[in-house]
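Structure first, then comments.
The following block contains the structure:
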């Protein structure tokens, strides 16, 4: 069965400190490095023909490792940049909750209705995902997609046809298993039911 393997990077210092990473580049911490070792062992037998990666670290570095380990090409995709939290990036989630309680509550209850200052809306992030993934999903290419949260959670909700819930940053929020498999046929059906098509994509994947 052909599948899409959706992968999120391991733990960083911002996860330990419950800070919003967004598009900031960060290295893995010790726990994150151990998670990557386990991930590489787990995906050895999977059918992956190409790895699409967010340009953000540590997603890009992990995608390179996966490509080298499996002997497949890796392609960095700008439209797979993580969700931009704008001026909230780097903030501790508790500070955000304390300083902006009403916005924080709205962000979790209705995330599509909130735009972080100088950041983007979820609808804008969804449009990027549409452009980035339309072609490989239309062609049902067995691939890996390496992106950080919350883009990981957003793409998972799109491809599985489930409601999106904004994840709260924190080390405890990172699952033991960093990846999930989604059948390409299922992803194609759900993706185009949501966005319409299949049509021509402007993304050169």
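Numbering (our numbering), first residue to last: 18 to 222.
Beta carbons are placed, not taken as given, at the ideal position from N, Cα and C, and that holds for glycine.
Query raised in the report: Which runs of the alpha helix (DSSP H) fall wholly inside the region 58-111 and span at least 4 residues, in chain order?
Result: 76-87
Report task. Quick one: residues in its chain with C-beta nearer than 6 Å to the C-beta of residue 128, no 5 flanking neighbours on either side, listed in chain order? Result -> For the purposes of this step, residue 128 is taken as residue 111 along the chain shown, with counting starting at 1. Correct list, in chain order: 139 and 183.
Query - Own chain residues within Cβ distance below 7 Å of residue 195, not counting five before or after - result: Numbered from its first residue, the chain shown carries residue 195 at position 178. Here the set comprises 24, 25, 27, 52 and 56.
Query raised in the report: Ordered along the chain, which non-local residues of its own chain (more than five positions away) have a Cβ less than 7 Å from that of residue 113?
Result: Residue mapping note: residue 113 aligns to position 96 of the chain shown, counting from 1. Hits under 7 Å: 105 and 121.
Requested in this report: Return the Cβ separation of residue 198 and residue 20 in integer angstroms, given the expectation that the two are a contact with Cβ distance under 8 Å.
Outcome: Start at 1 with the first residue of the chain shown, and residue 198 comes out as number 181. Start at 1 with the first residue of the chain shown, and residue 20 comes out as number 3. Right, the Cβ-Cβ distance comes to about 4 Å (below 8 Å), so this counts as a contact.
Query raised in the report: Could you give the C-beta distance for residue 165 and residue 73, rounded to a whole number, given that I count them as a contact under 8 Å?
Result: As a working mapping, residue 165 is identified with position 148 in the chain shown. As a working mapping, residue 73 is identified with position 56 in the chain shown. Sure, about 6 Å apart at Cβ, within 8 Å.
Query raised in the report: For residue 134, is the classification buried or exposed, using 16 other Cβ atoms within 10 angstroms of its Cβ as the cut-off for buried?
Result: For the purposes of this step, residue 134 is taken as the residue at position 117 of the chain shown. When all chains shown are included, residue 134 counts as exposed.
Requested in this report: Could you work out which residue in 159, 131, 31 and 44 is closest to residue 63 when comparing CA atoms only?
Outcome: Sequence index remark: in the chain shown, residue 63 carries index 46 (1-based). Of the candidates 159, 131, 31 and 44, the one whose C-alpha sits nearest the C-alpha of residue 63 is 159.
Query raised in the report: For residue 194, which of helix, strand or coil comes out of DSSP?
Result: One-based indexing of the chain shown puts residue 194 at position 177. Coil.
**Report entry** Close beta carbons around residue 203, own chain, < 6 Å, minus the five adjacent residues each side
**Finding:** Residue 203 sits at position 186 when you count from the first residue of the chain shown. There are no such residues.
**Report entry** Residues of its chain near residue 146, where Cβ-Cβ distance is below 8 Å and the 5 sequence neighbours each way are ignored
**Finding:** The residue given as residue 146 occupies position 129 in the chain shown. 96, 97, 168, 171, 172 and 175.
Query raised in the report: If you draw a straight line from the C-alpha of residue 87 to the C-alpha of residue 65, how long is it?
Result: For the purposes of this step, residue 87 is taken as the residue at position 70 of the chain shown. For the purposes of this step, residue 65 is taken as the residue at position 48 of the chain shown. Approximately 8 Å between the Cα atoms of the pair.
Query raised in the report: In its own chain, which residues sit with a C-beta less than 6 Å from the C-beta of residue 78, not counting the 5 before and 5 after it?
Result: Working through the chain shown from its first residue, we reach residue 78 at position 61. Result list for residue 78: empty, nothing under 6 Å.
Query raised in the report: What do you reckon, are the CB atoms on residue 94 and residue 58 nearer than 8 Å?
Result: Here residue 94 refers to the residue found at position 77 when the chain shown is read from its first residue. Here residue 58 refers to the residue found at position 41 when the chain shown is read from its first residue. No, the Cβ-Cβ distance between residue 94 and residue 58 is not below 8 Å.
Requested in this report: Would you mind reading off the limits of the beta strand (DSSP E) that contains residue 163?
Outcome: One-based indexing of the chain shown puts residue 163 at position 146. Per DSSP, residue 163 belongs to the beta strand (DSSP E) from 160-163.
Query raised in the report: residue 132 to residue 61, Cα distance in whole Å?
Result: Here residue 132 corresponds to residue number 115 of the chain shown, with the count starting at 1. Here residue 61 corresponds to residue number 44 of the chain shown, with the count starting at 1. Distance between the alpha carbons of residue 132 and residue 61 is about 39 Å.
Query raised in the report: Identify the residues that DSSP records as bridge partners of residue 20: which are they?
Result: Position 3 of the chain shown, counting from 1, holds the residue named residue 20. Residue 20 pairs with 200.
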